[in-house]
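See below for the structure under consideration.
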Amino acid sequence: MIEHESLVHQDTVQGYFMDTYHNLTYKGVMGLKRITEHCRNAEFVAKIEYDVFMNFFKIFESLKFIQEVKKYIACNRLDANTKPIQRGINKDVHKDEFKRLNIYLYTSCSGFAVFMSNDLMPMLYKAALISLFFWVSDFYLFVILPAKIQGVVHYTIRENMSINYQRTYNCFLKYRNKCQLLVGLTNTGEDFLCVNIDKVIDCFALKSED
28 MIEHESLVHQ
38 DTVQGYFMDT
48 YHNLTYKGVM
58 GLKRITEHCR
68 NAEFVAKIEY
78 DVFMNFFKIF
88 ESLKFIQEVK
98 KYIACNRLDA
108 NTKPIQRGIN
118 KDVHKDEFKR
128 LNIYLYTSCS
138 GFAVFMSNDL
148 MPMLYKAALI
158 SLFFWVSDFY
168 LFVILPAKIQ
178 GVVHYTIREN
188 MSINYQRTYN
198 CFLKYRNKCQ
208 LLVGLTNTGE
218 DFLCVNIDKV
228 IDCFALKSED
């Protein structure tokens, strides 16, 4: 199936590692490499997780400022010394990593939706080639790597984001393409995502026919 998708659409990027939660950093770096080598004309780069709905009508309205700046990362910014380091097992940070620290000391991003200037891609990829691996992909991609590049600025677009799936659903259902959200989390556990997207697309289609 993957080979067929690649042959037909030529939109599949595949790496040589296990597809596991602790290998998401490899996926991110592979994306940096792909964009650096094949997508230099893109105006910006977006990293969107699978359970996030993006309002394409609002991209250039909400991110208008990015057309005038370089070396930016726009996201739900988490200021330095505010994000706790989760300790434990499985999806948490091991006790031997970031020893004696309880909070991250750097500005970071919630990784569910991140927008970056394309001029950063080669610099981030180059930084990845000389940086030690860390499995928490959001921290590695949006903190460790940018820290090696002079002049990177983290912008917050929190007012245009929703981490509450009910708020996301209500906004698009009520305001249609006038909803001020750029991105919002959806509930994938109860077929909510399919219902949500179907209704939103229907609303947008009706609007475009008017």
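Count the sequence shown with my numbering and you get residues 28 to 237, in order.
Don't be surprised by glycine CBs; every beta carbon is placed ideally from N, CA and C.
Under the three-state DSSP convention, the category residue i falls into
i	result
A232	In this predicted model, A232 has a pLDDT of only 44, less than 50, meaning its place in the structure is not dependable; the value taken from the coordinates is given anyway. Helix.
Y133	coil
M57	helix
S33	helix
D218	With a pLDDT of only 45 at D218, under 50, the local geometry of the prediction cannot be trusted, and the value read off the model is given with reservation. Looking at D218 - three-state DSSP - the assignment turns out to be coil, as it is neither helix nor strand.
T39	coil
Y77	coil
T63	helix
L212	strand
D237	Because the pLDDT of D237 is 44, which lies under 50, any placement of that residue in the model is unreliable, and the question is left without a value.
Reference residue i, options the options, closest by Cα
i	options	result
Y77	H121, V141 and G42	V141
T134	F87, A101 and K153	A101
R318	V35, H36, R104 and R114	Any answer about residue 318 is impossible in this case: the structure gives the chain only from 28 up to 237.
F84	L212, T213, F199 and V72	F199
Q177	D146, F166 and T195	D146
I130	L151, G138, D106 and M150	D106
F166	T63, S137 and Y202	S137
P111	I93, L132, E95 and Y99	L132
V40	I29, N108 and Y48	I29
C-alpha distance - residue i paired with residue j, whole-angstrom precision
i	j	result
S189	V180	22 Å
S33	K126	43 Å
K91	N191	24 Å
Y43	T52	13 Å
A154	K60	11 Å
V210	V163	22 Å
D119	L151	25 Å
K122	F87	42 Å
L168	V56	8 Å
I62	M148	7 Å
I157	N187	34 Å
Q113	K201	37 Å
Min CB distance residue i to chain D below 7 Å
i	result
R203	In the structure shown, chain D does not exist; there is a single protein chain.
Short Cβ contact (7 Å threshold) for residue i with residue j
i	j	result
S97	S144	A small correction: the amino acid at residue 97 is Lys; Ser does not occupy that position in the sequence shown. Yes, the Cβ-Cβ distance between K97 and S144 is below 7 Å.
F80	T213	yes
Inside the segment 101–171 only - beta strand (DSSP E) runs reaching at least 3 residues:
Runs of the beta strand (DSSP E) spanning 3 or more residues and lying entirely within the segment 101–171 occur at 135–144, in chain order.
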